[in-house]
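Chains as they are written, first to last, in the working numbering: chain A, 8 to 164; chain B, -5 to 102.
Each residue gets a CB set at the ideal place from its N, CA and C atoms; glycine is no exception.
Keep in mind that this is a model prediction, so the values were computed, not measured.
In what follows, a single structure is set out as structure tokens and then discussed.
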Amino acid sequence: MRAPKAQEGRLVDAALHCYPARWRRRHGGEAAELAALLIRDGNPAASIAWSYLVGAAREWLTPPPGRSLSTVAAALLAATCLLGFSAALVAETAPAKAAGTTQSPSLPIPPKIKPMPPSAGSPHQFTPCHPRQVTDAIPAAGHSHLSLHETAHARSC
Amino acid sequence: MTTREQDVLRRVGEASVLILVSLADGPKHGYALIQDVKQFAGVELGPGTLYGALDRLERLGLIESLPASERRHPYRITAPGAAALRVHLDSLERVSAAGRLRLRLGGV
Chain A
8 MRAPKAQEGR
18 LVDAALHCYP
28 ARWRRRHGGE
38 AAELAALLIR
48 DGNPAASIAW
58 SYLVGAAREW
68 LTPPPGRSLS
78 TVAAALLAAT
88 CLLGFSAALV
98 AETAPAKAAG
108 TTQSPSLPIP
118 PKIKPMPPSA
128 GSPHQFTPCH
138 PRQVTDAIPA
148 AGHSHLSLHE
158 TAHARSC
Chain B
-5 MTTREQDVLR
5 RVGEASVLIL
15 VSLADGPKHG
25 YALIQDVKQF
35 AGVELGPGTL
45 YGALDRLERL
55 GLIESLPASE
65 RRHPYRITAP
75 GAAALRVHLD
85 SLERVSAAGR
95 LRLRLGGV
């Protein structure tokens, strides 16, 4: 009968280890002793361990003394905003990177398309592209990237 | 301040109220608290719930821990704790009386 008791004790100990260190310093010994008494009374070790696990989760979620709930909420909000900002940045730079890597740098750069004058008889209104705007939009891009973007704009125009 | 606002135990949960009621007749440690609550309320407090409630009540200044004997910390109700329990029990009594009266009047 020694092995099951040891197993029960280990189960409760594992649950107690889920508590923050400051809690364990304060209540750890007493909590282990209380668990032993409850097991001796016939309470299942699993339910005791479960109770401690739930208590540990609650303990981690409760702000420690000296830190108000609003401080914790503000920290969580700031972290969420930072994550969102980073995700937005990654999403914004991904297409630019993809354009830079899918085009082979060894390919010949096609000649620039000159805008057609409105008097050329085209039925469509033609708006010429402005390469300057492209360079402003991607300040970190190198010169070869710039050419690629110019090309892309030229095609779409 | 209304009576409802004075009742600080309104939001602390049932376990905390049961612990305060148990401590009202003298200091007890964890195991004795669980046994006592089981006896007078028929509620089996889990040890995790017990320590959570004890910490909350201590933070609110409604109970205090006494020097440990061996590894056990006895807890004692404080004067603000006793006052808060009185207010809460009065509030429960009013609700209970109103409920009983209405049940009688309604013939349910």
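- Between Leu60(A) and Ala22(A), the C-beta spacing is below 8 Å.
- Close CB contacts of Cys88(A) within its chain, under the 8 Å cut and outside five residues either way in sequence, are absent.
- By the C-beta density criterion, Gly93(B) is exposed, having fewer than 16 other C-beta atoms within 10 angstroms.
- Looking at the DSSP output, Tyr69(B) sits in a beta bridge with Lys22(B), Ser59(B).
- At a cut-off of 8 Å between beta-carbon atoms, Thr43(B) makes contact with chain A.
- Within its own chain, the residues whose Cβ lies closer than 7 Å to the Cβ of Ser16(B), once the five positions on either side in sequence are excluded, are Lys22, Leu27, Asp30, Val31, listed in chain order.
- In the pairwise beta carbon analysis, the region 35 to 51 of chain B is classified as touching the region 48 to 59 of chain A: at least three pairs are separated by under 8 Å.
- Annotation for Leu14(B): the continuous alpha helix (DSSP H) segment containing it runs 8 to 17.
- In the structure shown, the three-state DSSP call for Val102(B) is coil.
- Using a Cβ distance threshold of 8 Å, Ser85(B) and Ala47(B) do not count as a contacting pair.
- Close partners of Leu41(A) in chain B (Cβ separation under 7 Å): Gly24, Tyr25, Pro41.
- At least one beta carbon of chain B lies nearer than 8 Å to the beta carbon of Gly62(A).
- One thing to note: Asp1(B) has its Cβ no nearer than 8 Å to the Cβ of Val89(B).
- Residue-level contact by beta carbon fails for Gly55(B) and chain A, as no gap is shorter than 8 Å.
- Taking a Cβ-Cβ cut-off of 7 Å, the neighbours of Ala38(A) in chain B comprise Pro41, Tyr45, given in sequence order.
- In this structure, DSSP gives Tyr26(A) a state outside helix and strand, which the three-state scheme calls coil.
- Nearest CB-CB separation between Arg65(A) and chain B: below the 8 Å threshold.
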